[in-house]
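Heads up: the sequence lines are chains A and B, in that order.
Numbers given in our numbering equal positions in the first sequence, counted from 1, plus 1445.
Numbers given in our numbering equal positions in the second sequence, counted from 1, plus 6.
We put the CB at the ideal spot given by N, CA and C, even for glycine.
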Amino acid sequence: MSEESWINAALTGARPRAVGALLRYFRDLDTAEEAFQEACLRALKHWPVNGPPRDAAAWLIMVGRNAALDGARRMSRQEALPEEAVLSDLEDAEAPLAERLDGAQYRDDVLRLLFICCHPDLPATQQIALALRIVCGLGVRQIARAFVVGEAAMEQRITRAKARIAKADVPFEAPGAVERSERLAAVAAMAYLVFNEGYSVREPQLAGDADLCEEAIRLARLLLRLFPAEPEIMGLLGLMLLQHARAPARFNAAGEIVLLEEQDRTLWNRKLIGEGLALIDKAVRHQRPGPYQVQAAIAAEHSRSARAGETDWGSIAALYAALERMQPSPVITLNRAVAISKVLGPAEALALIEPLAERLGAYFPYHGARGHFLLQLGRKAEARAAFNQAICLANTPAEAALIRQHLDKLGEEAGIPG
Amino acid sequence: MLYALLCYHDEDVVWSWSKEEDDAVMARLGQVQEKWVKAGKLGPSLRLLPTTAATTLRKSEDPPLVLDGPFAETKEQLLGFYIIDVEGLEEALAFARELAAANPGGAYEIRPVGLYNADPRTAV
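Here it is, written out as structure tokens:
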């Protein structure tokens, strides 16, 4: 890994903890964010020279806090303080600070930060976008992709959310129990988007990329500990664990995506699957089904099948239908169509997704799935056109490579060199 | 003399370990375990999943109440246990000390076993 990507990965990984702790110090989101940004700038300057600090988050908190305090002092006294002297104390200061941040405290900081991002004055989409930007430090483009909207629209959404939260004069104190559980749904949705972001951008060899999935799982575990009898949080964590369990099988040695059906299931993490299945069992007892529980149940169907051929696609199609009723969305319909194609065949599946062309026109998996159905129906020219469209929309080289395999096969069959 | 070695640690800390850290700890513990297996003193052992996956059946109610989570809300949680067959407390403590060196933090409760039923599935 290059130096720059190592530093970026470390900054991203430390961000929720660092911004959360800085928010606790300053009780103001803008000040906390600015302090963190300042700390990041200094990290980019110092880390390549001095090597990585033992605890990146502790370093950033200390430097960010000192920088913001210096800034405040300078403002009041109109005189500069010796910056380097402050920084030279860091090595001594780091150890005790790291100890104080040990354990559960940083998680309370992260949770507080999440809840403040999920202020009820903000519409749900803005809460999620803001939290992704502030807590997770995702770029506007990444966030836009997770929402399947344009980049400019997302930029505007985040700017508007920040303006509203500034105007709303957010109280620092964490919300009470009732208010908190009302916000839980938004926080859970945000945590799952964080997970999906990690899942979708993941390339096999980059160690830093796995952090997002694991950060989301930790976040979900924390939420479940705070809300231990909330079946949707059990479902959320179960869903994440069951999906993350497949991570070791999702890419081959060449770094290419391996589809679920072709994955070596012996590589799946049985411990994560065991925990995920246990959480679903717990959730079912509450008899309060919700979208996360249904999605976890879908993931569980795959986890329980030792071989792809044993998958109960009928159950999966029924679960997607239930999910569609709870949460109508063209992406869910697309997924149901994939299950339907296994049960009823590609013609039924194609008929189900053709009306989605307009809404999912910019969505990479739509064209990939459509190409598959067309291919199964022997409509090769149309399949090729769909795969070509998918390649144009691929978000990562691995996604593009996956589609190219199908195009190559089509080319071979037609006698055209791949 | 049979002892149970109950492993307590702050779950927040343990489940924050990266896979690499976790693997390293398990490898170090494995070395200690191997030594005691060879000496014929280590019985069954197990590691538990997080308390968020736990359910409690509270028997004080009739019918008993099913609750989410572990029985007790404590800072340190029961994460697993070992069964050892040793001369006495000093040897049990020696085992615990070796484990502690391989995996610092938390605590081991060394508790004499009153009744031991071997796994009936393997006893056949």
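The shortest C-alpha to C-alpha distance from Pro1810(A) to any of Val1783(A), Gln1482(A), Leu1667(A) is the one to Val1783(A).
Residue-level contact check: Asp74(B) touches chain A, since one or more beta carbons of chain A fall below 8 Å from its beta carbon. By the Cβ-count criterion, Thr1604(A) is exposed, with fewer than 16 other Cβ atoms from all chains shown falling within 10 Å of its own Cβ.
DSSP, read as helix, strand or coil, puts Ser51(B) in strand.
The region 1458-1465 of chain A and the region 1498-1507 of chain A touch, with no fewer than 3 CB-CB distances between them shorter than 8 Å. Secondary structure of Thr1756(A) (DSSP, three-state): coil. Taking the Cα positions, Phe1640(A) is about 10 Å away from Leu1686(A). Using a 10 angstroms sphere on the CB of Cys1658(A), the tally of other CB atoms reaches 16 or more, which defines it as buried. Sixteen is the threshold: when 16 or more other Cβ atoms of the shown chains lie within 10 Å of the Cβ of Asp74(B), as they do, the residue is buried. From the listed residues Lys65(B), Leu55(B), Phe77(B), the smallest Cα separation to Glu17(B) is found for Leu55(B). Chain-order list of chain B residues neighbouring Leu1724(A): Ala59, by C-beta distance under 7 Å. Interface annotation, Leu12(B): not in contact with chain A, CB-CB separation never under 8 Å. Here the alpha carbon of Lys44(B) sits roughly 22 Å from the alpha carbon of Pro118(B).
Identification of chain B residues near Glu1596(A) by a Cβ-Cβ cut-off of 9 Å yields none; the smallest Cβ-Cβ distance measures about 32 Å. Between Cys13(B) and Gly94(B) the beta-carbon gap is near 20 Å, outside 8 Å, which marks them as no contact. For Thr1604(A), the enclosing alpha helix (DSSP H) stretches over residues 1596-1612. Counting along the chain, Ala1744(A) sits inside the alpha helix (DSSP H) bounded by residues 1736-1749.
By a beta-carbon distance limit of 8 Å, Ala1766(A) does not contact Arg1749(A). Their separation comes to about 20 Å.
In this structure, the CA atom of Cys1563(A) is about 26 Å from the CA atom of Met1507(A). The beta carbons of Ala1631(A) and Leu1664(A) sit no closer together than 8 Å.
For a cut-off of 8 Å, the C-beta gap from Phe1818(A) to Ser1786(A) is around 6 Å, short enough to register as a contact. The C-alpha of Arg1469(A) is placed about 21 Å away from the C-alpha of Leu1486(A).
DSSP, read as helix, strand or coil, puts Cys1563(A) in coil. As computed with DSSP, Val72(B) is found in a beta bridge with Leu63(B). Judged by beta-carbon spacing, Gln1738(A) lies beyond the 8 Å limit of Ala1751(A), meaning their Cβ atoms are not closer than that value.
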